Each structure stands twice: as C-alpha cells, then as structure tokens.
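Written out below as structure tokens is the structure these notes cover.
Residue numbers (the numbering used here), protein chains in the order written: chain G, 250 to 413; chain W, 88 to 713; chain F, 563 to 663; chain Y, 475 to 960.
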C-alpha cells in the first residue's frame with residue numbers, strides 16, 4: 250500500500266513538475282508547482298519525514314505560491330497569460346523528449362552498473378533533538394538568512410523615493 | 088679595508104651592500120629628482136661607498152663563497168667572489184664613481200633626471216649581482232634585470248619614438264635568449280649550474296652549441312656583431328650620459344667578464360681550435376666592419392658608437408686567440424676602452440650640451456674656445472688610435488701579438504685585419520679631432536658663443552684622460568698585476584712590447600693614416616671630409632651606401648653581399664613576422680572574437696555554459712575512472 | 563529497478579526539467595519557477611538519501627533548512643524581477659542584454 | 475584559551491550585534507557612525523586573526539573547535555578554526571575594510587541597508603571558513619550569495635538589477651548542482667561532517683556507491699566553480715561585478731568569489747584529493763580560466779569589467795595551484811588569494827576614484843589621467859605590476875609559489891603553461907593602463923582632481939601593503955617553514 254502511494258505521488262510529482270514547465274499560463278505554472286510540492290510532501294510523510302512534509306506543504310506549497318501569485322498580480326499581467334512573445338509551444342515542446350531520452354540513458358546506466366543501494370536500518374532519534382542540538386551552525390545560518398531576507402525585502406520591495 | 092671586508096664576508100651582507108645598497112641609493116636619487124645639487128651629491132656619495140666596497144673586496148684578495156637562502160625552494164643564490172669577479176666589481180665601481188657624477192651633472196635641469204639616475208643605480212646593482220653570482224641561473228636574473236633598465240633608459244628620452252628602444256630590447260633580448268639556451272645546455276653537459284662546478288668542458292657535440300650560445304650571449308651584451316646594430320641607432324636618440332655609461336663602459340665590463348669566464352674556465356679552448364678561430368673571426372669581422380662604418384660618419388656620437396662596437400672586436404680577437412697574451416690584451420683593452428671610450432662619449436655629451444649638436448659639419452676650430460676639452464680629446468684619440476706611449480697602444484700590441492701567435496693558419500690574416508682596423512681608427516679620429524678643433528672657428532648657426540664652464544662635467548673627462556696616460560706608463564700594473572689571475576701567464580707581459588718589428592709596423596700604419604688624412608684634406612679642402620675619398624671610392628661607395636641603408640644590419644635580416652641569401656632571409660623574416668604579426672595575433676584575435684561573441688549578455692547562454700562545464704568535468708572524470 | 567533508483571531517476575529528471583525551463587523560457591517569473599522545480603528535486607534527493615542511510619531525522623533537518631533558504635531566495639528573486647518589471651514594463655528576459663562585452 | 479574562545483565567538487557574533495544596533499539606533503545617528511563601526515569590526519577581524527595565527531604557531535595549535543551555545547549532551551563541535559581559516563579571515567577583513575572605505579565616498583543612499591548586508595556578508599564568509607560540515611558550508615554559502623544578490627540590486631538601476639538577476643539565476647543552478655552532490659554523499663555516509671566523510675567513500679569497490687561518489691564529486695566541483703567564476707561557469711561574474719556599486723564590486727571580486735568558490739574547491743580537494751580526476755579537472759578548469767579570462771579582459775571597454783575578467787583569470791591561477799594537490803599548492807593558492815585580494819581591491823579603488831571624479835568608467839573615453847590623478851595612477855601601476863608577477867611585489871611571490879608547487883608535484887607542463895599565461899595578464903593590464911592613465915588627456919577632463927579622502931587613503935595604504943608584503947614575503951616564507959607548514 251505504502252509503495253503504491255509513493256509511486257503514485259512520485260509520478261504526480263514528475264507530471265506536475267513537467268506541466269509547470271510546459272503550460273503556457275504562468276499562473277497555471279505556479280499552481281502546478283504547488284501541486285508538485287504537495288506530492289513531494291506526501292512522499293516525505295510516507296517515508297517518515299513528517300516535519301519536512303509539514304514545511305513542504307506550508308512553506309513551499311503555501312508561501313511560495315503566494316509569493317508567485319502576488320508577483321504575477323503585481324506585474325499587472327491580469328490575464329496571467331504568458332504572452333506570445335515570451336513563449337510558444339515549440340520552445341517547451343522538446344522537454345518530454347529530452348526527459349524520455351535522459352530517463353532511458355539513466356536506466357541503461359543504472360542497469361549497466363547494477364545499481365542497488367541497500368536501505369539501512371533507520372536510526373531511532375528525536376527530530377527536535379537532532380535539529381536543535383546537532384545543527385546549531387545551520388540554525389545560526391538560518392537566522393542570518395532570514396535577517397538578510399528581511400533587509401532584502403526592505404530594500405527591494407519598498408517604493409523608490411520620489412526623484413527630486 | 089680589512090674591516091670593510093669583514094663586514095662583507097658573508098653572503099647576506101655581500102648581497103645587501105653591493106646589490107641592496109645601490110637599490111636604496113637608486114630610490115634616493117629618484118627622490119632627489121630634479122634637485123640637481125642633491126642628486127649629484129647622493130650620486131657622488133653612492134659612488135664612493137660602492138668604490139670602497141669594491142676596493143675592499145678586491146684588495147683583501149680572499150674568496151667569499153656562501154649560499155644565500157632566498158626562499159625555501161632551491162631558489163638559493165650561490166655567491167662566489169674570487170679574485171677575478173672581485174676585480175670586475177672593483178673596476179665597475181671605479182668607472183661608475185666617475186661616470187655617475189658626469190651623468191648626474193649632465194642631466195641637470197632635465198625632466199627625467201631622477202628616473203634616469205634611478206635606472207642607472209639599479210643597473211649598477213644588477214651588474215654587481217651578476218658578477219657575484221656563482222649560479223648561472225641567478226646571474227641570468229641579474230642579466231635580464233639589466234635588460235629592463237636598458238630599455239627604460241632608452242625609452243626615457245623620447246617616449247613617442249620607441250623604435251630604437253624596441254630594437255635594443257629585441258637584439259639584447261635575442262642575445263640573452265641565446266645565453267639562456269647556452270646556460271641550459273652547459274648546465275646539462277656539465278652537470279652543474281654553478282660556475283665553480285663547471286670547468287674545462289670540451290667544445291664538442293652539444294658543447295659546441297653551448298659554447299656558441301654562451302659566447303654569443305656574453306659578447307652580444309658587450310656589443311659584438313651581430314647584436315651591435317642598436318648602439319649606433321641609440322646614439323642618435325639616447326642621452327649622451329647613457330652612451331657613456333652603457334655602451335661605453337658597463338656593458339663592456341659585463342660582457343667581457345662572462346666571455347673570459349667561458350673561454351678560460353667553463354670551457355677549455357685550445358689556441359688554434361675551431362672554437363678559437365670562430366671567435367677570432369667574429370672579432371675580426373666586428374672590428375673591420377664597424378670601423379669601416381665609423382669612418383664615414385659625420386656625427387660625433389654615431390662615429391663613437393661605431394667605434395664602441397669596433398673596439399669590442401679587438402677584445403674578442405684577443406679573447407679568441409685563447410693565449411695568455413691575448414686574454415691579457417683583451418682585458419687590458421677592455422679597461423682602456425672603458426677609460427677612453429667613456430671619456431670620448433662624455434666629451435661628445437659635453438659638446439652637445441654646449442653646442443646643441445654633435446654634427447661635425449656644423450662646427451669646427453673650437454680649440455680656442457674649449458682648450459681643455461680639446462686636449463682631453465687628443466689624449467683619448469691618441470689612446471684609441473694606439474699612438475705609442477698611450478694605454479691603447481699597449482693593449483693593441485698585445486692583441487696584435489696574440490693574433491700572430493695563435494696556432495692557426497689564418498694568423499696573418501687576422502693580424503692584417505687588425506692592422507686595417509687600426510688604420511681606419513686612426514683615420515677617423517684624425518678626421519674627427521681635426522674637424523672639430525682645428526682650422527677656422529665656426530659655430531653652429533643658432534649658437535652665439537661657446538665656453539667650457541661646468542666643473543662637474545669636465546672633471547670626469549679630465550680624470551679619465553689622465554688615466555689614459557697613467558695606464559700607458561704603468562701598464563704592467565694592470566697587465567701583470569690585476570689580470571694575472573685570469574690569464575695564468577707566467578712571463579711578464581707588461582712593459583714595452585717585446586717585438587720591435589710589430590711596433591714599427593704599427594707606427595707605419597699610423598703614419599700611413601696620417602698621410603691618407605693629409606691627402607684627403609688636400610683633396611676636399613676640409614678635415615671633416617678627409618675620409619671621403621675612401622667613402623666614395625669605386626667599389627666601397629656601393630657597399631657603404633648599402634650599409635647606410637642598413638643592408639648589413641642583422642636586425643634587418645638582410646645580407647647585402649649575397650642577394651640570394653638575403654632574399655631567403657627576407658622571406659624567412661616575412662614568414663616569421665607573419666607568424667608573429669599576423670598568425671598568432673590572428674589566432675588569438677579570432678579566439679577572442681569567438682569568446683567575445685559568446686559573451687552576449689544572454690542568460691540562457693550563461694546557463695548553457697554552466698551545463699557545458701558540468702559535462703566537461705564529467706567527461707574528464709569518466710575518462711580517468713573508466 | 564528498485565524504489566531508490568526510481569527516486570534518483572525522478573530527481574535527476576526534475577533537475578533536468580528545471581534547467582530546461584531556466585534556459586528555454588523568456589519569462590522572468592517562470593525562470594524562478596524553474597529554479598524552484600530544481601530545488602524540489604534536490605529536496606527529493608535528500609529524502610531518499612535519508613531513507614537509504616537511515617538517518618531520516620538529520621535529513622529532515624537539512625530539508626527544513628533548505629526550504630527556509632529557498633523561500634528567501636524566491637523572495638529576493640521575485641523582488642528583483644518585479645523591479646525589473648518596473649523598469650522595463652514587461653517580464654521579458656531578453657531585456658537583460660545591457661551588460662555585455 | 476579564554477581569549478581564543480572569546481575572539482572566535484566574537485567573529486561570529488559581533489557583526490550581528492552591529493546589525494542590530496544599526497537598526498535600533500536612530501536613523502541619523504546610524505547614518506553617521508555605522509560605517510565607521512563596520513570599519514572597526516573589519517579591523518578587529520584583521521587584528522585578531524593575525525594575533526590568533528601567531529598564537530597558533532607559537533603554541534602549536536592546529537585547530538580550535540567551538541560551539542555557539544552549549545548543546546548539552548552532544549559532544550560534537552560545529553565550528554572549527556585552523557590556520558588557513560585564519561589567513562582567509564585576514565583577507566576577508568582587509569577587503570571588507572576597503573569596501574567600507576570606498577562606501578564612505580561612493581554610497582549616498584541606502585547606507586543603513588548597506589551596513590546590514592555587509593555585516594550579514596561578513597558573518598556568512600566567516601561562517602563558511604569556520605564550518606565543519608558540508609551542509610553548514612552550504613548554508614553560509616547561501617548567506618554570502620543572497621547578500622551579494624541584494625547588494626548588487628540595492629541601488630535598483632537597470633544594470634544593477636540585471637546583473638543581480640543573472641547572478642541569482644546562474645548561482646541557483648550552481649547551488650542545485652552542489653546540493654545534489656551533497657545529497658549523493660549524504661546518501662552513503664549518513665552525515666556531512668568533513669571528518670566523517672574522509673576517504674571511506676573512495677575505498678569502496680561497490681560500483682553503485684562509486685558511481686554516486688563520482689557524480690557527487692563532479693557536481694560539487696561544478697557548484698563551487700560557478701561560485702568561483704571559473705570558465706566556463708564564469709559568465710555571470712563580469713556582469714555582476716560591473717553592474718554593482720564599486721564598494722560592492724570590490725567585495726565581490728576581492729573576496730566573495732574566493733571564499734564562496736575557491737574555499738569550497740579547497741574543501742573538495744581535501745576530501746577527494748586522492749582521486750586523480752579531481753586534480754585533472756582543476757588543471758583543465760584552471761588553465762582554461764586563466765587564458766580565457768585574460769583574452770576576454772583584453773577586449774573589454776568598461777574598467778570594472780576588465781577587472782572582473784582579470785578576476786576570472788586569477789581564479790584560474792588559484793585553481794591551477796590547487797590542482798597540485800599538495801600543501802604547498804594550497805599555501806600558494808592562499809598566498810595568491812591574499813595578493814589578489816590586495817591588488818584587485820586597489821584596482822577597484824582606482825575605479826571608484828575615477829568614477830567619483832570623472833564620472834565615466836569607459837576606458838575608451840578616458841585618457842591621460844596620470845597628470846591629474848597621480849596617486850591613483852601610481853597605485854594602479856603598482857597593482858598591475860603585482861598582478862603581472864613582477865618582483866618584488868607580492869603577486870610575484872604568490873605566482874612563484876604556484877609555479878613551484880606545480881613543478882614539485884610533477885606537473886611541469888602546467889607550470890610552464892602557468893608561466894606563459896602571465897604574458898596575457900601583462901597584455902590586458904598594459905592596455906588598461908595605457909588607455910586610462912597615459913597618453914593624451916581626454917576631452918573634458920581638465921578639471922579632474924585627485925581622489926578624495928578615504929579613497930585616496932585606501933589606495934595609498936593598499937599600495938604600501940603590496941610593496942611591503944612583497945618585500946617581506948621571503949621572511950613570511952621562512953616563518954612558514956619554521957612553523958612547519960610547508
């Protein structure tokens with residue numbers, strides 16, 4: 250059962266991802282991306298990463314999509330349509346072919362080296378302890394990243410001063 | 088003296104005081120810049136300090152051998168000052184202390200005075216360094232440093248017209264390249280890159296190439312053919328102070344130093360061997376060709392510069408004989424040449440300063456206005472022409488002797504060529520001396536009066552002229568005392584020449600020159616045109632006109648005699664210059680264009696570049712792993 | 563063909579799709595979507611890495627950090643894109659050719 | 475030990491304190507003093523790093539591990555400082571100092587944001603060199619990246635935004651590559667700690683594991699190469715460096731590409747150096763960058779773009795040095811990082827001076843500034859000589875070290891190539907010098923004056939450092955030898 254969920258979600262992730270690239274409407278692209286995030290979150294949850302799944306759903310599928318949608322609406326492209334000069338079907342149409350070829354090559358390569366990674370016994374740990382105790386450099390870094398983000402918003406998003 | 092020597096006796100200190108100190112002084116004179124008195128004072132002090140070190144180093148008569156660690160990677164400098172190199176350091180210091188003052192005084196109120204003196208002092212540091220190094224690689228470093236300062240000094244006067252500077256750089260650069268090649272070959276066959284580790288290599292097989300390259304490099308530095316042609320050209324544009332210091336003195340010292348080392352120590356050259364004959368031929372050709380060109384010059388600086396080349400021919404001739412007498416002659420001639428040639432260049436510079444020109448056609452009869460200069464000129468002229476009693480006479484006799492005694496079948500030919508050279512030297516100096524100082528007084532058009540004020544300019548000239556006489560009288564001091572360490576001669580070579588016959592022949596040649604001069608004067612009416620009958624003689628005229636056009640100038644890759652050869656040379660040169668002027672820049676340009684076009688600001692292309700890089704890295708890794 | 567390989571395959575293909583999007587599209591925001599897609603793929607790779615080595619908790623910590631950083635990058639990128647929109651009046655990447663050799 | 479502990483903590487915390495103060499203080503006060511405080515922080519970093527370096531050598535410390543806050547039960551340490559890190563932190567301090575000095579004149583608006591971002595950048599770079607874990611390295615790398623993007627875009631000019639966006643996109647691709655590499659390594663080891671990764675990855679005979687490791691190596695090298703701006707990953711670099719304000723360009727070109735890129739490459743070399751292919755990739759990338767960067771630099775018209783391409787070329791040199799794979803190579807690379815930081819800072823200071831005084835940076839429109847701006851011209855000439863590797867300036871010694879390192883590791887051909895590539899350096903800088911400073915004075919430049927206070931000061935100071943470091947370099951080498959580093 251689990252396996253089926255995982256494979257279906259993986260397929261959904263792949264399809265949504267490709268659609269996010271190929272669709273001609275930018276808003277649909279953003280929604281596809283959110284859907285891909287959701288599929289990824291399901292995979293995470295099923296594989297035993299609930300915290301990551303939570304973040305994936307709330308931040309990636311939620312916040313980032315909000316950013317995109319607001320970006321799209323701020324750019325006054327009310328129809329949210331990728332205009333003709335930006336895009337045409339031919340430019341993106343090659344993608345499935347590329348992916349299929351790359352997939353076949355990779356499968357061939359994997360078969361050639363008999364790719365197999367044995368799954369190790371899962372360590373019994375508490376996520377919160379791991380995160381807070383052993384990743385403090387990352388946490389410190391995250392704080393600064395957020396500060397930078399704050400500065401970035403204050404610099405980039407705020408209205409430009411009137412030119413005197 | 089001994090205390091100073093003690094101070095110098097470790098490698099570090101030696102380098103510090105003989106190379107480091109001039110560099111510091113260089114910055115000092117640079118800082119002094121256009122403040123004339125200060126600059127000259129600093130120069131004088133520096134010259135004297137350097138001379139003290141030189142004296143201490145030489146007269147202590149002790150070797151200093153040490154290794155100075157520069158970095159940790161085998162870039163150590165091996166220092167070895169034996170008696171021979173100490174002698175050269177001393178001679179350089181002595182010459183420099185006189186010439187330096189002249190240069191500084193000559194540069195008064197020149198805009199580039201500070202920078203010029205800076206280069207001069209850096210050159211001194213480089214030359215000292217080159218004398219001291221035992222390892223050939225380190226010597227090469229100093230040698231190349233000299234090339235840089237040379238280029239700078241030539242460039243300094245006229246930044247717009249850098250043709251002659253580039254020519255000098257190219258020719259000296261080629262000579263240095265040859266020397267580098269020679270060093271590599273020699274180090275390879277000798278198994279050591281230290282001069283003390285190389286001795287008595289045989290000139291055969293790869294040794295021939297090594298010997299030839301080293302000799303060409305060394306002698307090319309002193310202005311021997313075929314690397315001479317930048318000197319006359321530089322004479323036209325470079326400051327006279329430069330001519331006195333570089334082609335006049337310092338480069339001769341450096342070139343002959345290495346030449347003697349190569350001939351007597353690194354390689355063993357027998358008298359009469361092919362190597363010896365080759366070097367002698369080089370010397371004889373240089374000697375005759377250059378003096379022949381000097382004969383027809385009407386400009387003082389140009390005439391002197393051709394003589395500077397021609398005198399090297401004598402030295403090379405003596406050196407090539409590989410006999411003690413020849414080497415003693417070569418070294419003594421080098422010393423004399425440093426004395427009188429720098430004095431003559433200084434006189435030319437002095438007159439240029441006073442008259443605004445050195446063109447002999449524009450002035451004459453200046454004896455009354457410039458008596459001291461005229462006397463000094465006469466003394467130096469007598470020396471260079473080899474009038475008995477003056478120093479040049481003794482060194483020339485030694486070289487004549489060596490040419491005759493060399494164990495080859497061409498010895499009479501070499502002797503004859505040397506005599507021809509002496510003849511033409513005498514003729515040209517008679518022409519120049521009489522043209523400038525005797526006869527009816529005439530000044531260049533724009534100059535109202537001429538005087539000879541300027542003690543600091545005159546003093547070096549007088550000192551040098553006096554030295555001509557002194558070394559004429561006490562020639563055995565130098566020949567038997569100083570140079571004995573290089574020649575290894577057992578019998579005394581100094582004093583009056585042993586063979587009366589040779590002296591008589593020399594005197595006859597001088598008289599012949601005088602007769603020719605008088606004939607020429609009669610024919611044309613002016614001393615300055617006294618050599619015209621040679622210039623415009625039937626066959627010589629064509630040769631001269633070709634030479635004037637630079638046909639014999641190796642820089643132009645044209646051999647005027649053999650048209651076919653010249654044609655091939657031109658073609659080769661065109662090919663070479665095509666490769667250098669068109670093909671290589673073309674390829675670089677095309678590649679650049681291609682890269683440039685790919686840098687068109689398109690983001691997609693940037694990203695594609697990244698992916699390309701990943702692919703390349705993957706391919707490299709796969710090719711190694713599989 | 564086990565599950566791990568399927569994940570790896572999906573991850574690589576998604577990265578390729580993202581790169582493809584970056585290179586082929588003319589729309590600034592879509593470029594950012596391509597970046598996001600590639601980052602999703604990387605997250606996927608970390609998930610499977612955590613599953614294979616059994617250290618899923620550490621993997622989760624990594625993923626969360628990556629997500630946080632990803633958000634900030636998206637913010638900055640959209641901010642710049644919007645500023646570019648204000649300058650040019652559209653979101654065409656072909657505007658960006660002022661800087662060149 | 476207390477002082478050491480305090481100092482290394484201060485390097486990670488002090489910028490944050492300054493940042494907080496900058497935002498909490500009243501706007502007027504902050505405008506006045508913030509930049510000076512930044513200069514003080516940079517100076518503190520230089521001074522304390524040098525002190526610590528000497529102390530390490532004196533007491534034989536190789537590295538010092540520490541945590542920001544005590545984790546309680548876990549014994550691991552998350553930051554570590556060794557001597558290479560300290561040396562790099564000196565370079566960081568110097569360039570940040572230069573940037574602040576330039577900012578005093580060039581930055582009029584957004585002073586507060588500049589200070590915020592500068593402090594984040596400083597923290598990011600310090601964190602990068604101190605990190606003990608590939609993932610932390612990535613986190614701090616991102617901090618450096620994001621701050622750079624924002625700093626370039628900060629002034630919201632057309633070109634600034636364009637450069638920023640290009641940098642952002644290309645660098646995101648690089649990050650994706652890097653992270654995939656990390657994931658592939660993490661897949662096998664279960665940790666990303668430097669010490670724990672080690673050699674174990676390369677020893678295995680299992681073909682799947684080897685395939686993963688090799689892919690990871692390629693991906694990581696590519697990722698860091700993007701950050702370092704090596705050819706063919708370089709194309710974002712000239713755009714970004716040209717478009718930013720000069721006070722920012724000097725940071726990017728002077729230190730960011732080295733810490734973000736080269737330091738990463740050093741780490742990869744540490745971990746996977748025994749794989750011969752890594753060295754060959756470095757060699758190829760290095761040489762291609764050296765030559766391509768120089769060739770392209772010779773064809774640009776914008777002063778800063780020339781300097782940027784010169785950075786590409788010099789990064790190639792540093793990567794070439796790393797390719798020797800020996801300690802000497804790393805020392806050579808570090809030395810070149812230092813000398814490049816100095817001379818590139820000088821060049822960007824010149825650019826700032828010219829931009830402030832003349833207003834244009836197009837070299838075809840400049841000319842003869844030597845007469846009007848003697849200090850700028852002189853410092854530029856010295857920087858050029860140092861770049862071209864003319865003794866006795868410090869660029870000569872670092873290049874020499876690189877050539878020797880290559881020679882000693884047996885790569886004589888590459889050593890020769892590295893020497894030959896120096897010629898290209900001379901070509902493009904001669905062109906720059908001739909066009910900008912020599913020749914006839916260009917039209918409309920009669921009233922140009924010498925650079926103002928802090929720019930002039932920093933030019934003179936950097937020139938002094940170039941000359942001084944060059945003259946003292948033999949002693950530094952002897953010191954390193956006695957310290958047993960090389």
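Beta carbons: idealized from backbone N, C-alpha and C, even for Gly. All values reported here derive from a predicted model rather than from experimental measurement.
Check	Outcome
Buried or exposed by the 16-neighbour rule on C-beta atoms within 10 Å, applied to residue 737 of chain Y	buried
Neighbourhood of residue 708 of chain Y by C-beta, 6 angstroms cutoff - its chain only, sequence neighbours within 5 removed	786
Own chain residues within Cβ distance below 8 angstroms of residue 526 of chain W, not counting five before or after	451, 452, 613 and 614
Span of the beta strand (DSSP E), counted from its first residue to its last, around residue 152 of chain W	151 to 155
Bridge partners - residue 537 of chain Y, DSSP secondary structure assignment	Y:556
Inter-residue Cα distance where the pair is residue 644 of chain W and residue 660 of chain W	Low confidence applies here, because residue 644 of chain W scores a pLDDT of 43, under 50, leaving its location unreliable; read the following figure in that light. Answer to the nearest angstrom: the Cα atoms are 7 angstroms apart.
For residue 821 of chain Y, the nearest candidate out of Y:754, Y:935 and Y:752 (CA to CA)	Y:935
7 angstroms Cβ cut-off: residues of chain Y touching residue 370 of chain G	Under the 7 angstroms cutoff, chain Y gives no residues; its nearest Cβ is about 11 angstroms from residue 370 of chain G.
Neighbour-count burial assignment, residue 317 of chain W, 16 or more Cβ in a 10 Å radius	buried
First and last residue of the uninterrupted alpha helix (DSSP H) at residue 497 of chain W	Looking at the DSSP string, residue 497 of chain W is not in any alpha helix (DSSP H), and its letter there is neither H nor E.
C-alpha gap between residue 819 of chain Y and residue 569 of chain Y, whole angstroms	7 angstroms
Member of Y:769, Y:635, Y:696 and Y:602 whose CA lies at the smallest distance from the CA of residue 674 of chain W	Y:769
Helix, strand or coil at residue 774 of chain Y [DSSP, three-state]	coil
Exposure label - residue 93 of chain W; buried when at least 16 CB within 10 Å	exposed
Chain-order list of residues whose beta-carbon lies under 8 angstroms from that of residue 836 of chain Y (same chain, five-residue window excluded)	775, 776 and 777
Cβ-Cβ distance between residue 295 of chain G and residue 353 of chain G below 8 angstroms	no
Helix, strand or coil at residue 607 of chain Y according to DSSP, with G and I counted as helix	strand
Residue 597 of chain Y at chain G interface by Cβ criterion, 8 angstroms	yes
Contiguous alpha helix (DSSP H) assignments of at least 4 residues, all confined to the segment 579 to 657 of chain Y	585 to 604 and 608 to 627
The segment 584 to 602 of chain Y in contact with the segment 388 to 405 of chain G per 3-pair CB rule at 8 angstroms	yes
Under the three-state DSSP convention, the category residue 315 of chain W falls into	coil
Interface flag, residue 583 of chain F vs chain W, CB-CB below 8 angstroms	no
Burial state of residue 389 of chain G (16 or more Cβ within 10 Å)	buried
Backbone secondary structure at residue 281 of chain W - three-state DSSP	strand
Classification of residue 559 of chain Y by the beta-carbon crowding that lies within 10 angstroms, buried from 16 upward	buried
Residue-level contact to chain F via CB, residue 708 of chain W, 8 angstroms cutoff	no
Cβ of residue 382 of chain G within 8 angstroms of any chain F Cβ	no
Member of W:514, W:691, W:532 and W:530 whose CA lies at the smallest distance from the CA of residue 472 of chain W	W:514
Sequence-distant residues of the same chain with beta carbon closer than 6 angstroms to residue 625 of chain F, five excluded per side	605 and 608
Cβ-Cβ distance between residue 841 of chain Y and residue 916 of chain Y below 8 angstroms	yes
Buried versus exposed call for residue 887 of chain Y [16 or more other C-beta atoms within 10 Å across all chains shown]	exposed
Cβ contact check for the segment 410 to 422 of chain W and the segment 317 to 335 of chain W: 3 or more pairs under 8 angstroms	no
Interface flag, residue 677 of chain Y vs chain G, CB-CB below 8 angstroms	no
The segment 388 to 403 of chain W touching the segment 363 to 374 of chain W, judged by at least three CB pairs closer than 8 angstroms	yes
Where the alpha helix (DSSP H) containing residue 580 of chain W begins and where it ends	Counting along the chain, residue 580 of chain W falls outside any alpha helix (DSSP H), and DSSP gives it neither H nor E.
According to DSSP, residues forming a beta bridge with residue 165 of chain W	W:154
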